[in-house]
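**Student:**
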Amino acid sequence: MKFINKKIIELDRELSDLDKFTIDFIDILKKHTNYVIVSGYVAILLGRARASEDVDIIIPRINLLTFKKIYNDVKKNNFYCLNAEKEKTIYSYLEDNLAVRFAKKDTMIPNIEMKWIKNNFDKIALENYIDVKIKNKSLRISHLELQIAFKENVLKSPKDLEDADHIKQVAKEYLDKKLIQKYKEMLHGFY
Amino acid sequence: MGFIEENEKERKSFVHKWAEYVRTHSDREWSKQQNMIINSALKSANMTREQFFKMKGETNYVKY
Numbered sequence: 146m147k148f149i150n151k152k153i154i155e156l157d158r159e160l161s162d163l164d165k166f167t168i169d170f171i172d173i174l175k176k177h178t179n180y181v182i183v184s185g186y187v188a189i190l191l192g193r194a195r196a197s198e199d200v201d202i203i204i205p206r207i208n209l210l211t212f213k214k215i216y217n218d219v220k221k222n223n224f225y226c227l228n229a230e231k232e233k234t235i236y237s238y239l240e241d242n243l244a245v246r247f248a249k250k251d252t253m254i255p256n257i258e259m260k261w262i263k264n265n266f267d268k269i270a271l272e273n274y275i276d277v278k279i280k281n282k283s284l285r286i287s288h289l290e291l292q293i294a295f296k297e298n299v300l301k302s303p304k305d306l307e308d309a310d311h312i313k314q315v316a317k318e319y320l321d322k323k324l325i326q327k328y329k330e331m332l333h334g335f336y
Numbered sequence: 053m054g055f056i057e058e059n060e061k062e063r064k065s066f067v068h069k070w071a072e073y074v075r076t077h078s079d080r081e082w083s084k085q086q087n088m089i090i091n092s093a094l095k096s097a098n099m100t101r102e103q104f105f106k107m108k109g110e111t112n113y114v115k116y
């Protein structure tokens, strides 16, 4: 794991089934919109010893036409939406700030949990990303400092605290501790 | 120390040891071991759509 700079991490890892699934979906999604991966899969991609049933992705608010293009493209590539079949129904969930999930046909797990940007922290995550270069592919993850602050100050479950611990250990020579504190102060009282 | 505290302490210790292993070994080495956990967990995951949404506490889905 090489922290090249603030924007790039290089990984020479063997791909897990979860990585392959995520890369397959992102390869489609990134043709149509900006995105960032947040939460558990960030820690897992960086080596955390656990699995996850879903991969959380934030995208900007998109219009129905763009959504239709994404939906047609994912369906063409053997994905389906767990929530509903009709594109207008799925789009209405996004409009209500709810997550929609996509999995490979005839499966339930793993799945992508995709939602629209809904507050300033999602905006920070979307704008301040790290490209993880992996096997000639690239996955865009949120700033590690924001992930740590969010997991430690908002989510706080044992799993999330362990994810934060893992990221702090593997990236300890790279992390900006003042930025973690700044994010924590920003998060205080927001959630 | 009670069972819960003891369990938490052990988990924390494992997380730290594993993270140190990840930091000090090649990506290929740690990922081979990590993949055993991930791939087997995904293979054994088996639930219905309704069970999955119930587990997640989500109700925004069409009931077929």
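One line per chain: the protein sequences are A and B, in this order. Quick note, the first sequence lines up with residues 146 to 336 if you use our numbering. Quick note, the second sequence lines up with residues 53 to 116 if you use our numbering. C-beta: ideal position from N, C-alpha, C; glycine also.
For the alpha helix (DSSP H) holding B:GLU57, just list the boundary residues, first then last.
**Tutor:** The count along the second sequence starts at 1 and reaches residue 57 of chain B at position 5. B:GLU57 -> alpha helix (DSSP H) spans 55-76.
**Student:** My understanding is that A:ILE202 touches A:TYR180, with C-beta atoms under 8 Å, so please give their C-beta distance in whole angstroms.
**Tutor:** Here residue 202 of chain A is taken as the residue at index 57 of the first sequence, counted from 1. Here residue 180 of chain A is taken as the residue at index 35 of the first sequence, counted from 1. Contact flag correct, Cβ pair sits at about 5 Å.
**Student:** Write down every uninterrupted run of the alpha helix (DSSP H) in the segment 247-324 of chain A whose length is 4 residues or greater and which is fully enclosed by it, in chain order.
**Tutor:** You should have 265-272, 289-295 and 303-315.
**Student:** A:ASP199: buried (16+ other C-beta within 10 angstroms of its C-beta) or exposed?
**Tutor:** Counting from one through the first sequence, the residue named residue 199 of chain A turns up at place 54. Counting Cβ neighbours within 10 Å, A:ASP199 comes out buried, since at least 16 surround it.
**Student:** If you scan the segment 160-186 of chain A from start to end, which runs of the alpha helix (DSSP H) of 4 or more residues do you find wholly inside it?
**Tutor:** Listed in chain order, the complete alpha helix (DSSP H) runs (minimum 4 residues) inside the segment 160-186 of chain A are 162-174.
**Student:** Assign A:GLU198 to one of three DSSP states: helix, strand, or coil.
**Tutor:** On the first sequence, position 53 is the one that residue 198 of chain A refers to. Coil, per DSSP.
**Student:** Quick check: A:ASN228 and B:ASN112, are their CB atoms within less than 8 Å of each other?
**Tutor:** As a working note, residue 228 of chain A is residue 83 in the first sequence. As a working note, residue 112 of chain B is residue 60 in the second sequence. Contact flag set, yes.
**Student:** Hey, A:LEU320 and A:GLU290 are a contact pair by Cβ (cut 8 Å); roughly how many whole angstroms apart?
**Tutor:** In the first sequence, the residue the question calls residue 320 of chain A occupies position 175. In the first sequence, the residue the question calls residue 290 of chain A occupies position 145. Going by Cβ atoms, the distance from A:LEU320 to A:GLU290 rounds to 6 Å, so yes, they are a contact pair.
**Student:** If you follow the beta strand (DSSP E) that A:GLU155 is part of, which residue opens it and which one closes it?
**Tutor:** Numbered from 1 along the first sequence, position 10 holds the residue referred to as residue 155 of chain A. Where A:GLU155 is concerned, the enclosing beta strand (DSSP E) stretches over 153-156.
**Student:** Please go through the same chain and pick out, in chain order, the residues whose beta-carbon is closer than 6 Å to the beta-carbon of A:ILE207, but skip the five residues on each side of it.
**Tutor:** The residue labelled residue 207 of chain A in the question sits at position 62 within the first sequence. Answer for A:ILE207: THR178, listed in chain order.
**Student:** Establish whether the CB of B:MET53 and some CB of chain A are separated by less than 8 Å.
**Tutor:** Residue numbering aside, residue 53 of chain B sits at position 1 when the second sequence is read from its first letter. No, B:MET53 does not count as interfacial toward chain A.
**Student:** For A:LYS280, which residues from the same chain have a beta carbon less than 7 Å from its beta carbon, with the 5 sequence-adjacent residues on both sides left out?
**Tutor:** Mapped onto the first sequence, residue 280 of chain A falls at position 135. These residues qualify, in order along the chain: LEU160.
**Student:** At a cut of 8 Å, does the segment 223-241 of chain A reach the segment 71-81 of chain B through at least three beta carbon pairs?
**Tutor:** No: the two stretches stay apart, fewer than three of their Cβ pairs being nearer than 8 Å.
**Student:** Grab me the residues of A:ILE173's own chain with a C-beta within less than 6 Å of its C-beta, minus the 5 sequence neighbours each way, in chain order.
**Tutor:** Against the first sequence, residue 173 of chain A aligns to sequence position 28. Here the set comprises ASP218, VAL219 and ASN222.
**Student:** Which first and last residues belong to the alpha helix (DSSP H) in which B:LYS108 is found?
**Tutor:** By one-based count along the second sequence, residue 108 of chain B stands at place 56. Unbroken alpha helix (DSSP H) run through B:LYS108: 101-108.
**Student:** Measuring CB to CB, does A:PHE224 end up less than 8 Å from A:ALA196?
**Tutor:** To locate residue 224 of chain A, count along the first sequence from 1; it is residue 79. To locate residue 196 of chain A, count along the first sequence from 1; it is residue 51. Result no, Cβ atoms of A:PHE224 and A:ALA196 do not sit closer than 8 Å.
**Student:** Between A:VAL183, A:LEU191 and A:LYS176, which lies nearest to A:LYS313 when the distance is taken from Cα to Cα?
**Tutor:** Reading the first sequence from its first residue, position 168 is the one you call residue 313 of chain A. The residue with the shortest Cα to Cα distance from A:LYS313 is A:LEU191.
**Student:** Who pairs with A:ASN150 in a beta bridge, going by DSSP?
**Tutor:** Along the first sequence, one-based indexing puts residue 150 of chain A at 5. A:ASN150 pairs with A:ILE153.
**Student:** For a quick check, are the C-beta atoms of B:ARG101 and A:MET253 less than 8 Å apart?
**Tutor:** By 1-based counting over the second sequence, the position of residue 101 of chain B is 49. By 1-based counting over the first sequence, the position of residue 253 of chain A is 108. Contact: yes.
**Student:** Can you pull the chain A neighbours of B:GLU60, defined as C-beta to C-beta under 9 Å?
**Tutor:** Residue 60 of chain B sits at position 8 when you count from the first residue of the second sequence. Within 9 Å Cβ-Cβ: PRO303.
**Student:** According to DSSP, is A:VAL245 helix, strand or coil?
**Tutor:** Taking the first residue of the first sequence as position 1, residue 245 of chain A is located at position 100. In this structure, A:VAL245 counts as strand in the three-state DSSP scheme.
**Student:** What's the call for B:TYR116, buried or exposed, on a 16-neighbour Cβ count within 10 Å?
**Tutor:** On the second sequence, residue 116 of chain B is found 64 positions in, with the first residue counted as 1. So B:TYR116 ends up on the exposed side.
**Student:** Quick one: what's got a C-beta closer than 6 Å to A:HIS311's C-beta in the same chain, skipping five residues either side?
**Tutor:** What you label residue 311 of chain A is simply residue 166 of the first sequence in a count that begins at 1. Hits under 6 Å: ALA188 and ARG193.
**Student:** In the DSSP assignment, what residue or residues form a beta bridge with A:ILE203?
**Tutor:** Locating residue 203 of chain A in the first sequence gives position 58, counting from the first residue. Its beta-bridge partners are A:VAL181 and A:LYS260.
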